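Just below is one structure, and these are the notes that go with it.
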Amino acid sequence: MTYSTDPIVLFKQAGPNLGNQYQADAYLKGLISRRFGASLPLAVQAALENMGEISGGELYQLQLRDRLNDPVLTQWDPWGKRIDEIEVSPLWKRAEVIAAETGLVALPYEQTYGALSRSLQFGLVYLFTPSSDIYSCPLAMTDGAARTLVSSGNQALVERALPHLSSRDPLQFWTSGQWMTELTGGSDVGQTETVARYQDGQWRLYGRKWFTSAATSQMTLTLARPEGNGPGGKGLALFYLEPRDQAGQLQNIEIMRLKDKLGTRKVPTAELMLHGVPAKLVMGTDQGIRNIAPMLNVTRTWNSVSAIGLMRRGLNLAWDYAHKRIAFGAPLADKPLHRETLLNLEAEFAGAFYLTFESVHLLGQQEAGELDVAGQALLRLLTPIVKLTTAKQSVAVLSEVLECFGGAGYVEDTGLPLLLRDAQVLPIWEGTTNVLSLESLRAIGGPDQAAQLKQQFLDWAKDAKGPAVDQACAHLNDAFDWLASTQDRDTLEAGARRFALKLGRSLEVICMGRQLAFAELETGLPLQLADLQKRLVI
């Protein structure tokens, strides 16, 4: 067979590119400027610049090359010995080194920047997460475990684990698991069937953990029911354990399988059988759910930051592509409808971004001892509200982002479908939307505290600018009026989700307005924040 030698000119479409993700992010730069003011330390600027370069360069390119590499479980060696070894992908190995060296867990425990340590930490996490294939999952649990141990007052466990969890040395750095989910209940943790028995002077755990993320971690916190304790959540205790001994052998644990998941496929999520694993009580032989609460509050904040990080990545790619893709005689960026679509998505992101970092700032203030009782109540409510609101937005925005690429958005080797698949875990992990909506009602408490919380939000609005703030305040008042006027328990539960999402979106508009008030003193954002604020439909 012969082929023509005549040259055939084939159209070649340039794909989207990324540069330094901090330099390109007016939102984060403006937020950091607002928090640190004129005294922005050079080390903070350098850390953000460095992570922006890694995220848009080395780590992003490795992510694209690493696309087909999932973790691998080897249960048996060639001679029939049970070994249960998990090999993670090259991207995850590199991400672990970067995470340790840049202090993604260490920063809030070093407290170099006091109450602003969390703002810097989560600014770095926001840049890091989209290129890491959700290595933020073990980091979130590590941060949560560190905070829980510090809060527990168990000095022996703090001295044992915290130097590893907060280390910047990759050879000393540990990550932590969080073993809670069982077949009897995901959100209903009170149905946990894992049993704790005190044998030969130590506690040992027996049972099945159905969904344990980051199964390669060097330690974990887990819930189990000491023998003789009553049913429900109050009868559970919080335990610390190290899955492997000093020789690297699993301590009475069988890894049954790795989960085949829709997304977060780089995360080695395993189903485990516990056959008398040695463990230590963290604090007390009951009230385990209450005692693990600091971990959940931290990991929910990581969930929110992951949501905005993934949205930002998708939009960065979509905007870049819109300037390169010529359709119907002009770049997509010049087409009114395409640009309108992107601006509406940008508004969703902007609201989520500013609300998330408002919560981050409160967390930093709490850990620095700067929050009064009212501030503590505010943070208790905001944590679930921010998580559930931003998680839903992330899935919706990234679905639209894929559509902005047409068929290319559906093709795996562009790396784009990964964004949507990974985002889908966010409304599920650490409490579904319905569960967190009910938690939000419990966090509000009685009528007096509800009135105080509403007033704090309205006080935020006094500092906010923009044409949509008054409307947001009206929606906020409507939400709390409904809460105050509804006495029937079933009606409250049925409306909890609607209340939580309305509150979350109203607060996003207000938080955008607070940044807008600050931006009036600055050079402003490349996209007018006031215009984006008007686009955020409540």
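Read in our numbering, the sequence shown has 1191 at position 452, and its numbers run on one by one without any break.
The beta-carbon is built from N, C-alpha and C at its ideal position, and this holds for glycine as well.
Keep in mind the model is a prediction, meaning the values are calculated, not measured.
Delimiting residues of the alpha helix (DSSP H) encompassing residue 915: Taken as a continuous stretch (DSSP letters only), residue 915 belongs to no alpha helix (DSSP H), being part of the beta strand (DSSP E) at 915 to 918.
Taking the CB atoms as reference points, tell me whether residue 1012 and residue 964 lie closer together than 8 Å. No.
Got a sec? Which residues, its chain only, sit under 7 Å from residue 1205 by beta carbon, not counting five neighbours each side? So the list reads 1251, 1252, 1255, 1269, 1272, once near-sequence residues are dropped.
Within 10 angstroms of its Cβ, does residue 1009 collect 16 or more other Cβ (buried), or is it exposed? It is buried - the Cβ of residue 1009 has at least 16 other Cβ atoms within 10 Å.
Measuring CA to CA, which of 1004, 1017, 996 is closest to residue 984? Closest option to residue 984, Cα to Cα, is 1017.
Could you pull out every residue in the same chain whose Cβ sits closer than 8 Å to the Cβ of residue 1217, ignoring the five residues on either side in sequence? For residue 1217, where only same-chain residues beyond five positions count, the Cβ hits under 8 Å are 1241.
Spatial distance of residue 888 from residue 1031 (CA atoms): Across the structure, residue 888 and residue 1031 are spaced so that their CA atoms are roughly 9 Å apart.
Is it the case that the stretch 852 to 864 contacts the stretch 1089 to 1106, given that we only count it when at least three CB pairs across the two stretches are under 8 Å? The stretch 1089 to 1106 and the stretch 852 to 864 touch, with no fewer than 3 CB-CB distances between them shorter than 8 Å.
When DSSP labels each residue in this structure, what does residue 780 get in the three-state scheme? DSSP places residue 780 in coil when its eight states are reduced to three.
How would you label residue 748, buried or exposed, when you count the other beta carbons within 10 angstroms and need 16 or more for buried? The residue is exposed, with fewer than 16 neighbouring Cβ atoms inside 10 Å.
Quick one, which of 935, 790, 799, 791 has its alpha-carbon nearest residue 1157's? Comparing Cα-Cα distances from residue 1157 to each of 935, 790, 799, 791, the minimum goes to 799.
Give the straight-line distance between the Cα atoms of residue 1274 and residue 1245, rounded to the nearest whole angstrom. Answer to the nearest angstrom: the Cα atoms are 12 Å apart.
Beta-carbon proximity of residue 796 to residue 761, cut-off 8 Å: Taking the C-beta atoms as reference points, residue 761 is found no nearer than 8 Å to residue 796.
Identify which residue in 783, 824, 759 has its Cα closest to the Cα of residue 770. Closest by alpha carbon: 783.
Rounded separation between residue 972 and residue 930 - CA only: Across the structure, residue 972 and residue 930 are spaced so that their CA atoms are roughly 7 Å apart.
Taking 8 Å as the cut-off, decide whether the C-beta atoms of residue 942 and residue 935 are in contact. A contact, by the Cβ cut-off of 8 Å.
Starting from the Cα of residue 940, find the closest Cα among 915, 1029, 1019 and give me that residue. Comparing Cα positions, the closest option is 1019.
Among residues of its own chain, excluding the 5 on either side of residue 1014, which ones have a beta-carbon nearer than 8 Å to its beta-carbon? Once the five neighbours on either side are set aside, the close Cβ partners of residue 1014 are 945, 991, 992, 993.
Can you name, in chain order, every residue of its own chain whose Cβ lies under 6 Å from the Cβ of residue 1200, other than the five neighbours on each side? 1208, 1212, 1249, listed in sequence order.
Could I get the ranges of all uninterrupted beta strand (DSSP E) runs contained in the stretch 996 to 1058, with 3 residues as the minimum, in chain order? As far as the stretch 996 to 1058 is concerned, its whole beta strand (DSSP E) runs of at least 3 residues are 1009 to 1020.
Residue interval of the beta strand (DSSP E) (run including residue 950): Where residue 950 is concerned, the enclosing beta strand (DSSP E) starts and stops at 941 to 951.
Reducing DSSP to helix, strand and coil, say where residue 873 ends up. Correct three-state label for residue 873: coil.
Any idea which residues DSSP pairs residue 938 with across the strands? 941, per the DSSP bridge assignment.
Given 8 Å, three or more beta-carbon pairs between the stretch 1073 to 1081 and the stretch 1156 to 1170: Contact fails: fewer than three Cβ-Cβ distances are below 8 Å.
Just verifying my parser: in three-state terms, what is the DSSP assignment at residue 761? Three-state DSSP puts residue 761 in coil, outside helix and strand.
Under the three-state DSSP convention, the category residue 793 falls into: Helix, per DSSP.
Less than 8 Å between the beta carbons of residue 1042 and residue 1168, yes or no? Yes, the pair counts as a contact, with Cβ atoms nearer than the cut-off.
Is residue 1191 closer than 8 Å to residue 1113 when the C-beta atoms are compared? Yes, the Cβ-Cβ distance between residue 1113 and residue 1191 is below 8 Å.
Residue 781 and residue 772 closer than 8 Å at C-beta: No, these two residues do not count as a Cβ contact at 8 Å.
Rounded to whole angstroms, what's the CA-CA distance from residue 750 to residue 1104? Just pull it up for me. Their Cα atoms are separated by approximately 55 Å.
Going by other Cβ atoms of all chains shown within 10 Å of its Cβ, with 16 needed for buried, is residue 774 buried or exposed? Counting Cβ neighbours within 10 Å, residue 774 comes out buried, since at least 16 surround it.
CA nearest to the CA of residue 878, picked from 897, 1080, 842, 1050: The residue with the shortest Cα to Cα distance from residue 878 is 842.
Can you tell me the Cβ-Cβ gap for residue 1040 and residue 1122, rounded? I've got them flagged as a contact below 8 Å. Indeed, because the Cβ distance is near 7 Å, the residues count as touching under 8 Å.
Whose CA, out of 821, 949, 895, 1128, lies closest to the CA of residue 921? The shortest Cα separation from residue 921 among 821, 949, 895, 1128 belongs to 949.
Between the CA atoms of residue 1128 and residue 1243 - distance to the nearest angstrom: CA-CA distance, residue 1243 to residue 1128, rounds to 6 Å.
What does the Cβ neighbour count give for residue 1224, buried or exposed, with the cut at 16 atoms within 10 Å? Exposed: under 16 other Cβ atoms inside 10 Å.
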